[in-house]
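So the sequence shown is numbered by the numbering used here: it starts at 133 and just counts up by one.
By construction, the Cβ of each residue, glycine as well, lies at the ideal position given by its N, Cα and C atoms.
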Amino acid sequence: MDSSAKGSKKDAPDGPPKDSKMPVSEALLDYHREIKENAVERFTFHIRKLRDKNQKYLERNRRLKEEQNWHLKNLIKELKDEKLDVVQPITREDVEEAMKEKWKFERDQEAHLKEMRVQISEAEKLFLEKLSEKEYWEEYKNVGSAQHAELILSLQNDIDTVKENAEKMSEQYKVTLEDTRKKIIRETLILLEQRKEWATQNAVRFIDKNNYREIWENDWLKKEPLGNMSSFGNVYSLLDFLSSC
């Protein structure tokens, strides 16, 4: 992209003025879009670096092959031209060994280039995924966000209605619970007074009628209040529970 295009893009207004307040949903969409754009730019830069690096390796491989061939030809020529007393002849094994080294070097370079191509392919695939995500968020911002805004508004209204009904039910439950609590306390106090009166009458009647069993009667009087207390144990527990509510 040339500088004139960049300048026109920079001068063009981008979104609403800074002074106006942007809706939360639109701001969130812009945030996601900016993240995807930054990711796309990073992957584009990374792919460009990998391609440049791959091109450099190709050029270096070609240059090394040319240098290797040149040195091999010069070595063979020098060995042929040398006329020394002791001349080490170039055997078939020497040529085969040199060719093996050359082939090994070429295989290593091919493996390295293959690895570079795999890295470039993976980077391009990831780049396309990020680009697709960016296009999705842009499409959602332009079309889907309005539809979802209506759905969100409808759901919010439903939530408010349910919340209001729940609050009304809670208040009604509190009133009913308080009335029940007062009724239980009132009836319990009445029943307790009746039990006390009944226990006193029974104790007096047994003492007047059976004076010769005074010891046994005293023991009965000791047990009677305990029996009354145990009979009200569940009622007191219920009152404590209602009070805690």
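C-alpha gap between residue i and residue j, whole angstroms
| i | j | result |
| --- | --- | --- |
| aspartate 184 | aspartate 290 | 58 Å |
| glutamine 251 | asparagine 274 | 35 Å |
| lysine 300 | leucine 309 | 14 Å |
| glutamate 267 | phenylalanine 177 | 19 Å |
| lysine 138 | lysine 257 | Its pLDDT being 40, under 50, lysine 138 is placed unreliably by the model, and nothing is read from it. |
| serine 302 | valine 294 | 12 Å |
| serine 286 | glutamate 166 | 29 Å |
| arginine 318 | lysine 306 | 18 Å |
| glutamate 329 | alanine 298 | 46 Å |
| lysine 315 | glutamine 288 | 41 Å |
| serine 253 | lysine 209 | 44 Å |
| lysine 200 | leucine 207 | Lysine is not the amino acid found at residue 200; the sequence shown has glutamine there. Straight-line Cα distance between these residues: approximately 10 Å. |
| leucine 223 | leucine 245 | What sits at residue 223 in the sequence shown is threonine, not leucine. Whole-angstrom Cα-Cα distance: 33 Å. |
| leucine 323 | glutamine 304 | 28 Å |
Proximity to residue i [Cα-Cα], best of the options
| i | options | result |
| --- | --- | --- |
| methionine 248 | Gln187, Glu299, Asp162, Asp311 | Gln187 |
| lysine 181 | Glu319, Ala255, Lys328 | Ala255 |
| aspartate 240 | Lys257, Glu210, Lys197 | Lys197 |
| aspartate 226 | Arg194, Arg165, Leu245, Leu204 | Leu204 |
| glutamate 242 | Phe259, Val307, Arg194 | Arg194 |
| glutamate 158 | Gln288, Gln200, Ala281 | Ala281 |
8 Å contact criterion, which residue i and residue j should meet: CB distance rounded
| i | j | result |
| --- | --- | --- |
| lysine 103 | glutamate 265 | The structure shown does not extend to residue 103, since the chain spans only 133 to 377, so no value can be given for it. |
| tryptophan 269 | leucine 190 | So it is not a contact: roughly 37 Å between Cβ atoms. |
| phenylalanine 259 | isoleucine 179 | 6 Å |
Practice prompt. Determine, using beta-carbon pairs with one atom in the segment 169-181 and one in the segment 231-245, whether at least three such pairs fall under 8 Å.
Written response: no
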